[in-house]
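First up is the structure itself, then whatever we jot down about it.
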Amino acid sequence: MFASPTVRISFIFLAIALVGLLFADIAITASNPWRDLGNFFLGIVTPNFFSSEGLLTALLRTVAFAFVGVALGSFFGFLLALVYQSLPVRIFCAFIRAIHELFWALIFLQFFGFHPLTGVLAIAIPYAGIFAKVYSEILEEADPEPGRALPPGTGNIVAFLYTRIPDCWVKMRTYTAYRLECGLRSSAILGFVGLPTLGFYLEASFSQGLYSDAGAMLILFYVLIATMPLWVRPKLLPIYLLGAPFFLGEGLPIVWGNVLRFFTEDIVPAPLRNGEGLAGLTPWLNDLMINEAMPGIWNTVVLTQIALVATGILSLLAFPLISNHFGGPMRRSAGHVALVIVRSTPEYILAYILLQLWGPSMLPAVVALALHNGGIIGHLIGRQTNSLKLRPDAPTGFNRYTWELVPRVYRSFLAFLFYRWEIIMRETAILGILGIYTLGFYVDSAIQNIRFDRAMVLILVTALLNIGVDALGRYIRRKLALQTLPNC
Amino acid sequence: MALNIIRKLMLSSFLCFTAAAASAETFVFTAIPDEDETKLVERFRGVADYLSEQLDVDVRYIPVKSYAAAVSAFRNNQVQLAWFGGLSGVQARRLVPGSEAIAQGVEDEAFETYFIANSNTGIAPADELSDLKDELQGKTFTFGSKGSTSGRLMPEFYVRDTFGSKPEDFFSRVGFSGNHTRTLRLVEAGTYEVGALNFQVWEKELSDGNIDTDAVQVIWKTPAYPDYQWTIRGDVNDRFGEGFKQRVTEALLNLDNPELLESFPRSGFIPASNDDYEPIRKTAEEIGILD
Amino acid sequence: MSGFDLSGLTASFSGKRVIGPLSLKVNPGDKIALVGKSGAGKSTLIRLIHERINRNSSLVPQDLGLVNALSVFHNVFMGQLDKHATWYSTLTLARPFAKDKAEVLSLLESLSMGDKLWTPAASLSGGQRQRVAVARALYRNAAVLLADEPVSALDGPMANSVMTHLRGRFSTSVIALHDVDLALHYCNRIVGIESGQIALDQPTENLAATDIMSLY
Numbered sequence: 001m002f003a004s005p006t007v008r009i010s011f012i013f014l015a016i017a018l019v020g021l022l023f024a025d026i027a028i029t030a031s032n033p034w035r036d037l038g039n040f041f042l043g044i045v046t047p048n049f050f051s052s053e054g055l056l057t058a059l060l061r062t063v064a065f066a067f068v069g070v071a072l073g074s075f076f077g078f079l080l081a082l083v084y085q086s087l088p089v090r091i092f093c094a095f096i097r098a099i100h101e102l103f104w105a106l107i108f109l110q111f112f113g114f115h116p117l118t119g120v121l122a123i124a125i126p127y128a129g130i131f132a133k134v135y136s137e138i139l140e141e142a143d144p145e146p147g148r149a150l151p152p153g154t155g156n157i158v159a160f161l162y163t164r165i166p167d168c169w170v171k172m173r174t175y176t177a178y179r180l181e182c183g184l185r186s187s188a189i190l191g192f193v194g195l196p197t198l199g200f201y202l203e204a205s206f207s208q209g210l211y212s213d214a215g216a217m218l219i220l221f222y223v224l225i226a227t228m229p230l231w232v233r234p235k236l237l238p239i240y241l242l243g244a245p246f247f248l249g250e251g252l253p254i255v256w257g258n259v260l261r262f263f264t265e266d267i268v269p270a271p272l273r274n275g276e277g278l279a280g281l282t283p284w285l286n287d288l289m290i291n292e293a294m295p296g297i298w299n300t301v302v303l304t305q306i307a308l309v310a311t312g313i314l315s316l317l318a319f320p321l322i323s324n325h326f327g328g329p330m331r332r333s334a335g336h337v338a339l340v341i342v343r344s345t346p347e348y349i350l351a352y353i354l355l356q357l358w359g360p361s362m363l364p365a366v367v368a369l370a371l372h373n374g375g376i377i378g379h380l381i382g383r384q385t386n387s388l389k390l391r392p393d394a395p396t397g398f399n400r401y402t403w404e405l406v407p408r409v410y411r412s413f414l415a416f417l418f419y420r421w422e423i424i425m426r427e428t429a430i431l432g433i434l435g436i437y438t439l440g441f442y443v444d445s446a447i448q449n450i451r452f453d454r455a456m457v458l459i460l461v462t463a464l465l466n467i468g469v470d471a472l473g474r475y476i477r478r479k480l481a482l483q484t485l486p487n488c
Numbered sequence: 001m002a003l004n005i006i007r008k009l010m011l012s013s014f015l016c017f018t019a020a021a022a023s024a025e026t027f028v029f030t031a032i033p034d035e036d037e038t039k040l041v042e043r044f045r046g047v048a049d050y051l052s053e054q055l056d057v058d059v060r061y062i063p064v065k066s067y068a069a070a071v072s073a074f075r076n077n078q079v080q081l082a083w084f085g086g087l088s089g090v091q092a093r094r095l096v097p098g099s100e101a102i103a104q105g106v107e108d109e110a111f112e113t114y115f116i117a118n119s120n121t122g123i124a125p126a127d128e129l130s131d132l133k134d135e136l137q138g139k140t141f142t143f144g145s146k147g148s149t150s151g152r153l154m155p156e157f158y159v160r161d162t163f164g165s166k167p168e169d170f171f172s173r174v175g176f177s178g179n180h181t182r183t184l185r186l187v188e189a190g191t192y193e194v195g196a197l198n199f200q201v202w203e204k205e206l207s208d209g210n211i212d213t214d215a216v217q218v219i220w221k222t223p224a225y226p227d228y229q230w231t232i233r234g235d236v237n238d239r240f241g242e243g244f245k246q247r248v249t250e251a252l253l254n255l256d257n258p259e260l261l262e263s264f265p266r267s268g269f270i271p272a273s274n275d276d277y278e279p280i281r282k283t284a285e286e287i288g289i290l291d
Numbered sequence: 001m002s003g004f005d006l007s008g009l010t011a012s013f014s015g016k017r018v019i020g021p022l023s024l025k026v027n028p029g030d031k032i033a034l035v036g037k038s039g040a041g042k043s044t045l046i047r048l049i050h051e052r053i054n055r056n057s058s059l060v061p062q063d064l065g066l067v068n069a070l071s072v073f074h075n076v077f078m079g080q081l082d083k084h085a086t087w088y089s090t091l092t093l094a095r096p097f098a099k100d101k102a103e104v105l106s107l108l109e110s111l112s113m114g115d116k117l118w119t120p121a122a123s124l125s126g127g128q129r130q131r132v133a134v135a136r137a138l139y140r141n142a143a144v145l146l147a148d149e150p151v152s153a154l155d156g157p158m159a160n161s162v163m164t165h166l167r168g169r170f171s172t173s174v175i176a177l178h179d180v181d182l183a184l185h186y187c188n189r190i191v192g193i194e195s196g197q198i199a200l201d202q203p204t205e206n207l208a209a210t211d212i213m214s215l216y
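Here the protein sequences come in this chain order: A, B and C.
Under our numbering, think of the first position of the first sequence as 1, with each following residue one higher.
Under our numbering, think of the first position of the second sequence as 1, with each following residue one higher.
Under our numbering, think of the first position of the third sequence as 1, with each following residue one higher.
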């Protein structure tokens, strides 16, 4: 069994995670975590939909930011996809998508302030990088034959419009719709840094222990996402897109001088700004690297590896929930609902909730990341098992799980897992804002101390770390010949 | 079809840039989010109404999610007035030349931080922090916000000064709860064993009967230091007319609505100046929060 | 120019020569049937000829090259994409012009597919797809037809009808055909391919079915 490279790599990652556990800070520090968890669930079942006058507005803004951000992201992502062969473009896209929406928001907040543009760009920029990559992959996969059958002399644009776009249209549309769902999640969590979306009110209610109010917001959010197929219709899209910009809220006017100041002063390293020159830069950078970047990287990597393996274990446990090889339709529907809930909840919100309930440590982050990502992968491979035809006399129950299904889906399971590796790391870094000592913690501290030069260096470090893990993940997938369609 | 969508996207993105262009001359202020949001919104909406009435301009309060966001909004001239803590005020005035501290609460001249502990730790109150060294060492500890004066700067200063080590080395776990109310709740619930908070928040919650005194108690009080103040930008007169700064100052100093004052809670506002906060600046530089 | 003279035709697949080197002279008016066993190199030869004379040919490739997501109309219209301005073709994608619609419709009617004008290519049967590719070649209306098994998925009467159309529209053609009777009936010159070489090249009137069978 250990001769199989997929099994071997699984055990290597498991071992890394176990070693990581020795160093990780895993604890429940709340004195009465279960009572708090109980109160929280009590809040969910007794939602208070009339708590805040702003709730409906917040929901509307959440949708508006998602629509405008994703639309701009997909438009510019598409343009970038057309020139994606160029290496500088690839590097540029890898870079902008390696920086999390919340980091982008924190950056724009410093000079646009509470203007709608902050939220829109925070979604549009990283999404453009992701769209560029995925669109170009889809375009590459288009059937080349029709292009060859074209009359010679056909213009490039026309050839592209007739042979590539129609072939890729459905895939691109599906992916874009999926991204819109991600956009709703991103939009919601932007509220945590002060934009007027759902997260703003969710944070306020949670921190005050108003669980019924928070429960109502979560329920509305799930309903919003679960009903997407009903209200996101091709015919209605133009209306949404035209209307969305008007529902972003007013915010505060932009002062353009601030933009200039940010780029020419704020982010210039302090020693250079104060005229100490390069001689002062080295100790400044050393201090930053040793006291903040290194511990941040270490904690980010440890937490990522543990969360990755936890995600894997949870997905393998979760997929039978929706697989039609087990149980009846009743149980499967319940399984669907459970998976929809865990994967619709942004990791950030899950981690925030668990941190409130269990106290600060890496544990809430690991559980949040595993629940969300495990829910997604579990859903994907569960659906995959539904297309498997087993022989009529195949074993049932646990034997069916271990002998028939897991071996068949294991490769795509690993492909999804390694695909999400980078995504998990992106999220791990950002969870630092909540007080776990990953890179985001140090970025947030630098921003809280109005030291944007330090924040920018740390964000750069985070981006490079993400790019590195992305490359490693791709290398492993290629090495093991794991193929998968992008799915987030 | 593809083209259709593209056309619509461009149109809507254009609209998004123009949507926020128009905004009348409104006097905007903010405050550091040092307490629960509903309380802040209630308190500062009252202040906004009061100022609007006194100054005869539109006055708007915007809530923010962090101390830094309050400072940035002030610096970026998106707000012209702010209710800052000692540290955030120093940061803001350094970044905005010409800005001034114009009023502080009566209590802010001599502000204090309370160290509180969960009763399960068995720590008894002491007059000197150094007496608590053995009891406190290795406990879990929470500050308030990273940018708070009473919730972070002063307690960190006294921990370093008294115990000669960084908080994260002295305590087994150091967290930032976010604000004073939350520090209180977390220590009360035992999530953290020890915490440090704004004494006014403690006293107010105590008198409102919101504290379970069997679960949490004050174990040490810091010496007095200057804290909260109203800070205004230097360029408001250019924008809102000659003498505007003076009128704002007077309006704040004359605020005597007991309900509004109670919500801060302050017994009244008195004049303040930038120099009053020199001690805070020195302390911040000493522990490396300010460059 | 509708005849051409090609020499030095050769193709290799992973180091192994699958065709040629061979020469083929096609005269105006030649209606050539390429016959031979499957794997003999007919498709490769068609491809090679197409590469050489590109601009002047209507092509029906073996895999048809249809865009599944587009309607039959658009797939046929693609035969003349080089003749229209970019804006015209782009607009046609969203909203075809009446003139083109009429032209394509009459072409499809002649192939008994008039009712499928707006059906997406993805939902057509194998025989229908083949006729769409044939319609595209007819619509292109080049001087020379290059076709690779254009009627392999059609039943007898339909195959005959399509071949009649092709013979009527193109004076010069090279068609790979495995059906010997069709080859003899619709072509005036038979070229037999065996192991990548021309093993037979005769006017049709000199040949009978049995002569060709020796190639199989």
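For each residue, glycine too, the CB sits at the ideal point set by N, CA and C.
Which chain A residues sit within Cβ distance under 7 Å of residue i?
{"i": "B:Gly178", "result": "Ser207"}
{"i": "B:Arg182", "result": "Ser207"}
{"i": "C:His165", "result": "What C:His165 touches in chain A: nothing, since even the nearest Cβ is about 19 Å away."}
{"i": "B:Gly175", "result": "Pro360 and Gly435"}
{"i": "C:Gln130", "result": "Simply none; closest approach about 13 Å."}
What residues from chain B crowd round residue i, counting only those whose CB sits closer than 8 Å?
{"i": "A:Val193", "result": "Lys65, Ser66 and Ala69"}
{"i": "A:Leu252", "result": "Ser23, Val28, Ile62, Ala73, Gln78 and Val79"}
Please list, in chain order, all residues of the same chain as residue i whose beta carbon is under 7 Å from its beta carbon, the five residues on each side excluded.
{"i": "A:Asn373", "result": "Thr311, Arg420 and Ile424"}
{"i": "A:Leu357", "result": "Ala30, Pro33, Asp36, Leu37 and Phe40"}
{"i": "A:Phe326", "result": "Pro320"}
{"i": "A:Val309", "result": "Phe13, Leu14 and Ala17"}
I'd like the list of long-range same chain contacts for residue i, defined as Cβ closer than 8 Å, with 5 residues on each side in sequence excluded.
{"i": "B:Ile267", "result": "In the sequence under discussion, the amino acid at residue 267 of chain B is Ser, which differs from the Ile named in the question. For B:Ser267, where only same-chain residues beyond five positions count, the Cβ hits under 8 Å are Gly105, Val106, Glu107 and Leu261."}
{"i": "C:Ala69", "result": "Pro120, Ala121 and Ala122"}
Please return the same chain residues whose Cβ sits closer than 6 Å to the Cβ of residue i, not counting the five positions on each side in sequence.
{"i": "A:Val461", "result": "Ala293"}
{"i": "A:His100", "result": "Arg426 and Ile430"}
{"i": "A:Phe114", "result": "Gly251 and Leu252"}
{"i": "C:Ala147", "result": "Val60 and Ile175"}
{"i": "B:Val57", "result": "Phe27"}
So with CB distances below 8 Å, who are the chain D contacts of residue i?
{"i": "C:Ser89", "result": "The question asks about chain D, but that chain is absent: this structure's protein chains are A, B and C."}
Would you please state the rounded distance, in angstroms, between the beta carbons of residue i and residue j? I believe it to be under 8 Å.
{"i": "B:Val79", "j": "B:Phe29", "result": "5 Å"}
{"i": "A:Ile290", "j": "A:Arg383", "result": "The Cβ separation is near 47 Å, so there is no contact."}
{"i": "C:Ile49", "j": "C:Leu6", "result": "7 Å"}
{"i": "B:Arg152", "j": "B:Phe143", "result": "4 Å"}
{"i": "A:Leu241", "j": "A:Val63", "result": "Wrong, their Cβ atoms sit about 12 Å apart, outside the cutoff."}
{"i": "A:Ala463", "j": "A:Ala98", "result": "4 Å"}
Using a C-beta to C-beta distance shorter than 8 Å, which residues of chain A count as neighbours of residue i?
{"i": "B:Leu95", "result": "Ile450"}
Under three-state DSSP, which class holds residue i?
{"i": "B:Gln229", "result": "strand"}
{"i": "A:Val255", "result": "coil"}
{"i": "B:Asp291", "result": "coil"}
{"i": "C:Thr10", "result": "strand"}
{"i": "B:Asn118", "result": "strand"}
{"i": "B:Ala21", "result": "Residue confidence for B:Ala21 is low, a pLDDT of 35 falling below 50, so the modelled location carries little weight; the figure read from the coordinates is stated next. It is coil, neither helix nor strand."}
{"i": "B:Phe240", "result": "helix"}
How would you list, in chain order, the residues of chain B whose beta-carbon sits under 7 Å from the beta-carbon of residue i?
{"i": "A:Ile447", "result": "Ala68"}
Along chain C, which residues have their Cβ under 8 Å away from the Cβ of residue i?
{"i": "A:Arg148", "result": "Pro61 and Gly65"}
Compile a chain-ordered list of the residues in the stretch 190–214 of chain B whose CB is closer than 8 Å to at least one CB of chain A.
Gly190, Thr191 and Tyr192
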